[in-house]
Amino acid sequence: MKTAILATLLAFAATPTLAWAGAVDAPTRFVEAEGRRLAYRAVGTGRPLILALRFRGTLDSWDPAFIDALAKDFRVITFEYSGIGRSTGARAGTMEAMVDDVRDLADGLKIDRFVLGGWSMGGAVVQEAATRMPDRVSHLVVIAAGPPGQAFWVPEKAFLDAASKPVNDLADEEVLFFRPSSEVSRAAAKASWDRIHARTGDLSPPVIPAAFADQAKAVADFRADTHGVSQFLFTTRMPILVVAGDRDVCCRVEDWFALSGRLATTRLLVMPQAGHGPQHQYPEEVAAQIAVFAKP
């Protein structure tokens with residue numbers, strides 16, 4: 090009997106940690122809304138945190154380590170825009186349509202009030218959504234995205250070249266979301282890539298190139314600031330956290346510096362030796378900062 094118990098304990102101790110098993114195994118579910126199905130996944134049991142995707146992203150674009158670290162404090166809900174991945178309906182090619190996706194997802198899940206976050210293009214989407222739904226968003230998290238209006242820094246050619254490829258490999262993602270010049274960042278890119286690709290089933294199809302132009306138009310609409318997002322940022326009482334890499338080749342953190350003194354409630358967190366995916370390079374640390382920021 091003692092031998093059997095000892096063997097069991099040794100086997101348990103030898104089992105690798107499942108720090109991100111929740112996100113890897115989370116099933117894809119669907120919400121019926123306005124004649125379409127929105128694909129989503131949920132991990133955790135805390136307050137709802139809805140996360141909006143980057144340009145050409147799917148449910149499988151999030152680093153499981155980041156999602157599971159957030160899930161210690163939130164019910165983390167990731168989703169795909171209309172017509173993207175496994176979501177049906179007409180492709181969401183405008184900011185208004187993407188905001189509708191956020192609202193309809195929350196309605197379908199019967200979530201009245203939530204923390205809202207978005208990465209890259211998703212960071213633009215959630216700024217628009219918070220402007221339109223200020224009574225429903227308790228805290229806003231903007232990851233690797235700039236403010237509305239004309240950017241002082243434009244995306245670098247290397248980023249645009251990689252972003253326009255039909256399929257990206259690890260080398261592309263080092264350029265897109267990390268800092269290739271940094272050994273620390275390259276190692277983080279490989280670790281994140283491995284975690285993301287640990288999920289082998291229930292995957293979403295990649296975003297087709299025809300959708301790239303639609304999403305680019307939506308980002309241009311945000312840049313034009315046709316919906317009063319800047320005024321919202323200058324006057325809101327909603328707590329806002331911007332998470333940025335110190336060397337983002339797409340959305341430079343310097344664009345936020347230019348608004349210093351005018352932003353009513355915005356906090357800025359800059360991660361070192363990081364690019365356009367700081368939450369994938371520092372998943373646990375960024376998640377912990379978000380949990381402190383959004384503490385009720």
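Residue 90 is where the sequence shown starts when you use the working numbering, and the numbers rise one by one after that.
Using N, Cα and C, we set each Cβ at its ideal position, and we do this for glycine too.
Since we're looking at a predicted model, the values are computed, not measured.
Going by C-alpha distance, which of the options is nearest residue i?
{"i": "P295", "options": "Y170, V132 and D196", "result": "Y170"}
{"i": "P116", "options": "M327, S293, A299 and T355", "result": "S293"}
{"i": "D190", "options": "K246, R341 and F119", "result": "F119"}
{"i": "F248", "options": "R336, A347, L352 and S150", "result": "R336"}
{"i": "R175", "options": "A154, R130 and V204", "result": "R130"}
{"i": "I166", "options": "S253, L138 and G182", "result": "L138"}
{"i": "R326", "options": "V243, A112 and T220", "result": "T220"}
{"i": "D157", "options": "A383, P385 and A377", "result": "A377"}
{"i": "S211", "options": "S319, L142 and L352", "result": "In the sequence as presented, Ser is not what sits at residue 211; that position holds Gly. Nearest of S319, L142 and L352 to G211, Cα basis: L142."}
{"i": "L194", "options": "F144, L140, I285 and T324", "result": "L140"}
{"i": "A333", "options": "F301, A287 and P372", "result": "P372"}
{"i": "V338", "options": "K246, A307 and L127", "result": "K246"}
{"i": "G135", "options": "G238, D152 and R202", "result": "R202"}
{"i": "A234", "options": "I329, E123 and A383", "result": "I329"}
{"i": "L352", "options": "E121, L322, G146 and E217", "result": "L322"}
Mind checking who residue i pairs with in its DSSP beta bridge?
{"i": "W208", "result": "I232"}
{"i": "A122", "result": "R125"}
{"i": "T355", "result": "I329"}
{"i": "P137", "result": "R164"}
{"i": "M360", "result": "G334"}
Just verifying my parser: in three-state terms, what is the DSSP assignment at residue i?
{"i": "L241", "result": "Reading off the sequence shown, one finds Phe at residue 241, where the question assumed Leu. If DSSP states are grouped into helix, strand and coil, F241 belongs with coil."}
{"i": "M222", "result": "coil"}
{"i": "G178", "result": "coil"}
{"i": "I166", "result": "strand"}
{"i": "R130", "result": "strand"}
{"i": "S171", "result": "coil"}
{"i": "I200", "result": "coil"}
{"i": "S150", "result": "helix"}
{"i": "A377", "result": "helix"}
{"i": "S319", "result": "helix"}
Can you have a look at residue i and say buried or exposed, based on whether 16 or more other CB atoms are within 10 angstroms of its CB?
{"i": "G207", "result": "buried"}
{"i": "F267", "result": "buried"}
{"i": "L265", "result": "buried"}
{"i": "S271", "result": "buried"}
{"i": "H369", "result": "buried"}
{"i": "S150", "result": "buried"}
{"i": "P391", "result": "With the chain represented from 90 up to 385, any question about residue 391 goes unanswered, as that position is not in the structure."}
{"i": "V381", "result": "exposed"}
{"i": "A287", "result": "exposed"}
{"i": "A284", "result": "It should be noted that the sequence gives Arg, not Ala, for residue 284. R284 should be labelled buried."}
Is the Cβ of residue i closer than 8 Å to any Cβ of chain C?
{"i": "H369", "result": "Absent here is chain C; the protein component of the structure consists of one chain."}
Just to confirm the assignment: which complete alpha helix (DSSP H) runs, minimum length 4, are found wholly within the region 250-283? The region 250-283 contains these whole alpha helix (DSSP H) runs: 259-266.
Which runs of the alpha helix (DSSP H) at least 4 residues long sit entirely within the region 280-316? Give them in chain order. 298-313
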